[in-house]
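Single-structure report; data block below.
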Amino acid sequence: MSNLNKLSFKKSKIKTQEVDYLVVVDSEIWKEYFNKQDLTESNILSTLIREDKIAICGYTFVRILQGIRNQDNFEKLFKGLLALPYIEIEKEDWVETSKLLFKFKNLSFELALLCALTRNKKLRILTRHREIKNIDGVKLYEDEKE
């Protein structure tokens, strides 16, 4: 968890309507970032944090904190994640998630939820699971650079 020490989220005042889009990140990428794995997605996440373009939903928030074993690390990370813009999961997001899970049997619960959120809100997803690009209305963060 060495990236945890340099993690310094500012309490964000960003509202989704004030920016072109925010990025939600799957928990796999977050965990790699905190384990300081020098992978493309971890480096992109680091840049997006500095640019205040990251948002988080409750499900990913819990998934990230779930694996923390050390109390100090948990407290630091908990406070840092609370500073991020929070994406509320609405009833229509849950409905959309269940439809996606029905249609795409191999899609993980978290990715289905993030896909539903991007379809209903101004969000992009940072993930290495590029196959979700084929789901109508889903936008990957990398799409913006193409």
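The letter at position 31 of the sequence shown is residue 34 when you use the numbering used here, and the numbering goes up by one with no holes.
Ideal Cβ placement from N, Cα and C applies to all residues, glycine included.
Since the structure is predicted, the reported quantities are computational estimates derived from the model, not experimental observations.
Rounded to whole angstroms, Ser49 and Asp96 show a C-alpha spacing of 27 Å. A Cβ-Cβ contact shorter than 8 Å links Leu87 with Ile57.
Inclusion of Leu120 and Val27 in the CB contact set at 8 Å is warranted, their separation being smaller than that value. Rounded to the nearest whole angstrom, the CA to CA distance from Lys106 to Lys82 is 37 Å. Taking the Cα positions, Cys60 is about 14 Å away from Arg122. Contact between Ile138 and Ile128 does not hold, since the beta-carbon distance rounds to 10 Å and is not under 8 Å.
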